[in-house]
Amino acid sequence: MKKLISILSIMLFVGAISANAQCCSGAAKSGPNAAGDGCAVTPQSSEVKAYYFHATKRCVTCEAVEKVAKQTIEENYKGKVTFESINREEDKDNPLVKKYKISGQTLLLVKGDEMVDLTSSAFMNARTKPEKFEKRLKSEIDELL
């Protein structure tokens, strides 16, 4: 019975990640013409910012996403890109949680009127293929810079 519950929980988690990825169509690059798609956001700043929204209790993969993203940004983009980790459960009133309508673990790159949702790629690769996730993260940041 416990095994069945575990399998169903994993399937639900994967389904939620997939639904988020479909909403934001892969890389989810949103511009001023995409304001009505539910994924577009218009930040005030033109600097590149990385936001990782997470829960209080985190699995190994959740921790790997933060570790790889933070390390990649610090090693390659120090002073050019800021990284912020936000506990969406403890900091429910954080304006970023409301602004980006965060309801689950999410990794976003934001610059001006562009937003890139890397959540799916991050969770598929951060723990088992960190170099693949790092390459994708660097590629997306380079496009925004």
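Quick note, the sequence shown lines up with residues -21 to -1, 1 to 124 if you use mature numbering (1 follows the signal peptide of the UniProt record, and there is no 0).
Every residue gets a Cβ at the ideal spot worked out from N, C-alpha and C, and that includes glycine.
Because the structure is a prediction, the values reported are computed rather than measured.
Closest by CA to residue i, which one among the options?
{"i": "residue 68", "options": "101, 77, 123 and 62", "result": "77"}
{"i": "residue 63", "options": "55, 71, 75 and 54", "result": "75"}
{"i": "residue 108", "options": "52, 57, 40 and 79", "result": "40"}
{"i": "residue 31", "options": "91, 59, 79 and 58", "result": "79"}
{"i": "residue 93", "options": "27, 111, 83 and 58", "result": "27"}
{"i": "residue 61", "options": "106, 29, 119 and -12", "result": "29"}
{"i": "residue 95", "options": "58, 70, 119 and 46", "result": "119"}
So who's on the other strand from residue i, going by DSSP bridges?
{"i": "residue 86", "result": "31"}
{"i": "residue 99", "result": "Beta-bridge pairing links residue 99 to no other residue."}
{"i": "residue 94", "result": "89"}
{"i": "residue 64", "result": "31"}
Is the separation between the beta-carbon of residue i and that of residue j shorter than 8 Å?
{"i": "residue 66", "j": "residue 33", "result": "yes"}
{"i": "residue 86", "j": "residue 101", "result": "yes"}
{"i": "residue 116", "j": "residue 43", "result": "no"}
Note down the Cα distance separating residue i from residue j, rounded to an integer number of angstroms.
{"i": "residue 104", "j": "residue 97", "result": "11 Å"}
{"i": "residue 51", "j": "residue -21", "result": "41 Å"}
{"i": "residue 25", "j": "residue 121", "result": "14 Å"}
{"i": "residue 113", "j": "residue 55", "result": "10 Å"}
{"i": "residue 201", "j": "residue 110", "result": "The requested residue 201 does not occur in the structure, where the chain is confined to residues -21 to 124."}
{"i": "residue 123", "j": "residue -19", "result": "43 Å"}
{"i": "residue 38", "j": "residue -12", "result": "12 Å"}
{"i": "residue 36", "j": "residue 90", "result": "29 Å"}
{"i": "residue 84", "j": "residue 45", "result": "10 Å"}
{"i": "residue 71", "j": "residue 82", "result": "10 Å"}
{"i": "residue 57", "j": "residue 106", "result": "23 Å"}
Report yes or no: is there a C-beta of chain B within less than 8 Å of the C-beta of residue i?
{"i": "residue 100", "result": "Reference to chain B is not applicable here, since this structure consists of a single protein chain."}
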